[in-house]
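Below: one structure, written as structure tokens.
There are 2 protein chains.
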Amino acid sequence: MVSCAELGEDGVLSRILPLLTSRGPVVLGPGDDAAVLTVAGDLVVTADALVENHDFVVRWSSGEDVGHKAAAQNLADVAAMGARPVGLLVSLAVPELTDISWLEGLARGLDAECAQLDTSVAGGDLSGAEQIMVSITAFGQLEGRQPVRRDGARPGDVVALAGTVGLAAAGLDLLVDDAEQHRADPALAGLIMAQLRPEPPYLSGVAAAEAGASAMLDVSDGLVKDASRIARASGVRLEIHDAFVDLAERLAPAAKVLGAPALKWLHGGGEDHGLLACFPPDVPLPEGFREIGTVLSASEAGPGVTFNGSPSRFNAGWQHFAGGQ
Amino acid sequence: MVSCAELGEDGVLSRILPLLTSRGPVVLGPGDDAAVLTVAGDLVVTADALVENHDFVVRWSSGEDVGHKAAAQNLADVAAMGARPVGLLVSLAVPELTDISWLEGLARGLDAECAQLDTSVAGGDLSGAEQIMVSITAFGQLEGRQPVRRDGARPGDVVALAGTVGLAAAGLDLLVDDAEQHRADPALAGLIMAQLRPEPPYLSGVAAAEAGASAMLDVSDGLVKDASRIARASGVRLEIHDAFVDLAERLAPAAKVLGAPALKWLHGGGEDHGLLACFPPDVPLPEGFREIGTVLSASEAGPGVTFNGSPSRFNAGWQHFAGGQ
Numbered sequence: 074m075v076s077c078a079e080l081g082e083d084g085v086l087s088r089i090l091p092l093l094t095s096r097g098p099v100v101l102g103p104g105d106d107a108a109v110l111t112v113a114g115d116l117v118v119t120a121d122a123l124v125e126n127h128d129f130v131v132r133w134s135s136g137e138d139v140g141h142k143a144a145a146q147n148l149a150d151v152a153a154m155g156a157r158p159v160g161l162l163v164s165l166a167v168p169e170l171t172d173i174s175w176l177e178g179l180a181r182g183l184d185a186e187c188a189q190l191d192t193s194v195a196g197g198d199l200s201g202a203e204q205i206m207v208s209i210t211a212f213g214q215l216e217g218r219q220p221v222r223r224d225g226a227r228p229g230d231v232v233a234l235a236g237t238v239g240l241a242a243a244g245l246d247l248l249v250d251d252a253e254q255h256r257a258d259p260a261l262a263g264l265i266m267a268q269l270r271p272e273p274p275y276l277s278g279v280a281a282a283e284a285g286a287s288a289m290l291d292v293s294d295g296l297v298k299d300a301s302r303i304a305r306a307s308g309v310r311l312e313i314h315d316a317f318v319d320l321a322e323r324l325a326p327a328a329k330v331l332g333a334p335a336l337k338w339l340h341g342g343g344e345d346h347g348l349l350a351c352f353p354p355d356v357p358l359p360e361g362f363r364e365i366g367t368v369l370s371a372s373e374a375g376p377g378v379t380f381n382g383s384p385s386r387f388n389a390g391w392q393h394f395a396g397g398q
Numbered sequence: 074m075v076s077c078a079e080l081g082e083d084g085v086l087s088r089i090l091p092l093l094t095s096r097g098p099v100v101l102g103p104g105d106d107a108a109v110l111t112v113a114g115d116l117v118v119t120a121d122a123l124v125e126n127h128d129f130v131v132r133w134s135s136g137e138d139v140g141h142k143a144a145a146q147n148l149a150d151v152a153a154m155g156a157r158p159v160g161l162l163v164s165l166a167v168p169e170l171t172d173i174s175w176l177e178g179l180a181r182g183l184d185a186e187c188a189q190l191d192t193s194v195a196g197g198d199l200s201g202a203e204q205i206m207v208s209i210t211a212f213g214q215l216e217g218r219q220p221v222r223r224d225g226a227r228p229g230d231v232v233a234l235a236g237t238v239g240l241a242a243a244g245l246d247l248l249v250d251d252a253e254q255h256r257a258d259p260a261l262a263g264l265i266m267a268q269l270r271p272e273p274p275y276l277s278g279v280a281a282a283e284a285g286a287s288a289m290l291d292v293s294d295g296l297v298k299d300a301s302r303i304a305r306a307s308g309v310r311l312e313i314h315d316a317f318v319d320l321a322e323r324l325a326p327a328a329k330v331l332g333a334p335a336l337k338w339l340h341g342g343g344e345d346h347g348l349l350a351c352f353p354p355d356v357p358l359p360e361g362f363r364e365i366g367t368v369l370s371a372s373e374a375g376p377g378v379t380f381n382g383s384p385s386r387f388n389a390g391w392q393h394f395a396g397g398q
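Laid out in structure tokens, this is it:
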């Protein structure tokens, strides 16, 4: 093992930068005060961080896993606005005893996730810290499309989902329960991978915007919590039909092992970064989306989310500082 | 005191967001998956973080100080490319017991620094962590100008500086020596403020690009180290005339109190975020710049920096993981 302290800042950068390939409209990449991208029209910008022992632990996640996930959660936010990614910046803070091979893995994971969308890490910075923090900013171009916000859902719209919900949350519960044993079980390993390396349905975001989606977001905090965000912003009720038979089947082995209901993960689990969108009723759903519900007028109790007519029993979702109200 | 844990994530955001005013080409601000900016042509993007106990300590820096400084160091990077800022994103990680008033101060500091340039915080995110980390991304528009890189300096060019060098480093040494006593001394307080709230000469960056600067960067790691970056990238020698009489005078009280030579700070001190630029000899220097040297051909020893013909004795500069080579 070779630590960051042994290599020094310039030495660390000289190991990481060659692992990052430039793709897309990057005029000037890492190495100057700033990077330069060629863009036109409205630009989508979003930031999200992964913090060690809050969002990942190194005994479960390799550097490569964290790279994939950090890129994915930001690229999913770009996709959820209907934009096409044009680049990432990475602000990295690490303890000085961090092994360079962990950081090389991180760079490989970031680069591989970006490569799926023909985009890249355009720049970043490196700091010291007592815990690893990977803070990413992602940029996307709308290419003339309107950004798909959260406040455009209207009664009569179809509620649709691209990608999955609940798998990543089940994976986390499996890791907490017994990481070593469950990783070795083929029926469970896929759920654990969904937690470590989510696979957001990126291209469905652009397709949804082109099809005329009225509202969209990526499900990062759980279906109940995120659907409620659309409901509140739009002043409507989202009635979900619970058409998740296939996902429930994939969750069944975890439900059995952990003695937990699959609905807990389907309703409350985030981090798969599926895309939840609403479409006017006359719009054919774009590829990758399935109908999961209907937009209704807000009930007398106000905007909200119901599953087959009733509130979910599993409505916590994720919140930082969860000791809060 | 009211902690983040007591307020919860949504409660914290409801206290911070009203302190951020939207300015400039922000089509969609905080609250959705991503923000939207209207831009045209080449976009400059840069990221830099301030980490508690590495880049600041809360017993010396108020939240407002950290907000000013975090915005300033990123806006200076935008300026150093010759671009005009269009917005910031803030990725914030804080311990759950952080007092909300510290974060409100941070938001006020960020907003006030942005207001100077008619720009704003367009969005961000909030995470938990064991130490405070303020990671910022700044965006700037080149408005048709070429980005001013580090590799364009040519023999015969004039070396020029806008803003100051050395004051912030002296301020840090004063804080380390005896923060309480030196803050109360009017002859020293200005140096300490230069450390806590640097004032980069932002508008000189655009002026330098318009005037045809051949190379530019912001001095964040010290004059020797940063001038060396231009020298290496351009394959030249930067000969500095050491024309810093006024700065040496401002440093004299600190030199006396601490028994240190002012040259240590002038040559090795970063964090004032002055702009170091090279200009072709026929170009009148834009307002705010003063001539401090000349670009010469690289010596037989290779590219480098000399002060009145000799290397500086004070050439360490700042490096993360300073245990490195």
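These protein sequence lines map, in sequence, to chains A and B.
Counting from 1, position 34 in the first sequence corresponds to residue 107 in the numbering used here; the numbering is continuous, with no gaps.
Counting from 1, position 159 in the second sequence corresponds to residue 232 in the numbering used here; the numbering is continuous, with no gaps.
Where is the CB? At the ideal position from N, CA and C, for every residue including glycine.
All of these numbers come straight from a predicted model, not from anything done at the bench.
Against residue i, what residues of chain A qualify as contacts under a CB-to-CB distance less than 8 Å, listed in chain order?
{"i": "V291 (chain B)", "result": "Looking at the sequence itself, residue 291 (chain B) is Asp, so the reference to Val does not match. The contacting residues are D106."}
{"i": "D150 (chain B)", "result": "D106 and A107"}
{"i": "V232 (chain B)", "result": "Those do not exist, as V232 (chain B) stays about 17 Å from chain A at its closest Cβ, beyond 8 Å."}
List, in order along the chain, the chain B residues whose C-beta lies closer than 8 Å to that of residue i?
{"i": "Q204 (chain A)", "result": "A202, E203 and Q204"}
Using a Cβ cut-off of 7 Å, pull out every chain B residue sitting near residue i, in sequence order please.
{"i": "P220 (chain A)", "result": "L101 and V109"}
{"i": "A113 (chain A)", "result": "A113"}
Using a Cβ cut-off of 8 Å (strictly closer), state whether residue i contacts chain B.
{"i": "D184 (chain A)", "result": "no"}
{"i": "C197 (chain A)", "result": "Per the sequence presented here, residue 197 (chain A) reads as Gly, with Cys not at that position. True, the Cβ-Cβ gap to chain B drops below 8 Å."}
{"i": "G397 (chain A)", "result": "Confidence at G397 (chain A) is low in this model, with a pLDDT of 39, below 50, so its placement is unreliable and the value that follows should be read with caution. So yes, G397 (chain A) belongs to the interface."}
{"i": "M74 (chain A)", "result": "no"}
{"i": "R96 (chain A)", "result": "no"}
{"i": "V117 (chain A)", "result": "yes"}
Residue i: buried (16+ other C-beta within 10 angstroms of its C-beta) or exposed?
{"i": "A316 (chain B)", "result": "exposed"}
{"i": "D106 (chain B)", "result": "buried"}
{"i": "T94 (chain B)", "result": "exposed"}
{"i": "V348 (chain B)", "result": "It should be noted that the sequence gives Leu, not Val, for residue 348 (chain B). With 16 or more other Cβ atoms within 10 Å, it is buried."}
{"i": "K329 (chain A)", "result": "exposed"}
{"i": "G155 (chain B)", "result": "buried"}
{"i": "N126 (chain A)", "result": "exposed"}
{"i": "Q398 (chain B)", "result": "Unreliable placement is indicated for Q398 (chain B), whose pLDDT of 34 sits below 50; no coordinate value is reported for it."}
{"i": "R222 (chain B)", "result": "buried"}
{"i": "P354 (chain A)", "result": "exposed"}
{"i": "G217 (chain A)", "result": "exposed"}
{"i": "G382 (chain A)", "result": "exposed"}
{"i": "L170 (chain A)", "result": "exposed"}
{"i": "G396 (chain A)", "result": "At G396 (chain A) the pLDDT is 44, less than 50, meaning the model places this residue with poor confidence and gives no usable figure here."}
{"i": "P384 (chain A)", "result": "exposed"}
{"i": "P259 (chain B)", "result": "exposed"}
{"i": "G375 (chain A)", "result": "exposed"}
{"i": "G332 (chain A)", "result": "exposed"}
Name, please, each residue of chain A whose Cβ falls closer than 7 Å to the Cβ of residue i.
{"i": "T210 (chain B)", "result": "A120, L162 and T210"}
{"i": "A166 (chain B)", "result": "A122, V124 and M206"}
Output yes if chain A places a C-beta closer than 8 Å to the C-beta of residue i; else output no.
{"i": "A128 (chain B)", "result": "The sequence shown places Asp at residue 128 (chain B), not Ala. It does: the Cβ of D128 (chain B) has a partner Cβ on chain A nearer than 8 Å."}
{"i": "V297 (chain B)", "result": "no"}
{"i": "A153 (chain B)", "result": "yes"}
{"i": "E177 (chain B)", "result": "no"}
Assuming residue i contacts residue j under a Cβ cut-off of 8 Å, what Cβ separation, rounded to an integer in Å, is found between them?
{"i": "I313 (chain A)", "j": "V232 (chain A)", "result": "7 Å"}
{"i": "W133 (chain A)", "j": "L269 (chain A)", "result": "7 Å"}
{"i": "R157 (chain B)", "j": "V279 (chain B)", "result": "6 Å"}
{"i": "L123 (chain B)", "j": "A143 (chain B)", "result": "5 Å"}
Whose Cβ in chain B lies nearer than 9 Å to the Cβ of residue i?
{"i": "V21 (chain A)", "result": "Since the first and last residues shown for chain A are 74 and 398, residue 21 (chain A) lies out of range."}
Starting from the beta carbon of residue i, find every residue of chain A whose beta carbon is closer than 9 Å, and list them in chain order.
{"i": "R223 (chain B)", "result": "G104, D105 and D106"}
Hey, is residue i close to the ligand SAM, as in C-beta under 7 Å from one of its heavy atoms?
{"i": "D345 (chain B)", "result": "Although the ligand SAM was asked about, the structure shown includes no ligands whatsoever."}
Original post:
Between the segment 292-308 of chain B and the segment 195-212 of chain B, are three or more C-beta pairs nearer than 8 Å?
Top reply: no
Original post:
Are the segment 100-117 of chain B and the segment 96-115 of chain A in contact at 8 Å, needing three or more beta carbon pairs?
Top reply: yes
**OP:** Evaluate contact between the segment 334-349 of chain A and the segment 287-294 of chain A, counting only Cβ atoms and requiring at least three cross-stretch pairs below 8 Å.
**Re:** yes
Original post:
On the three-pair Cβ rule with 8 Å, is the segment 240-249 of chain B touching the segment 178-186 of chain B?
Top reply: no
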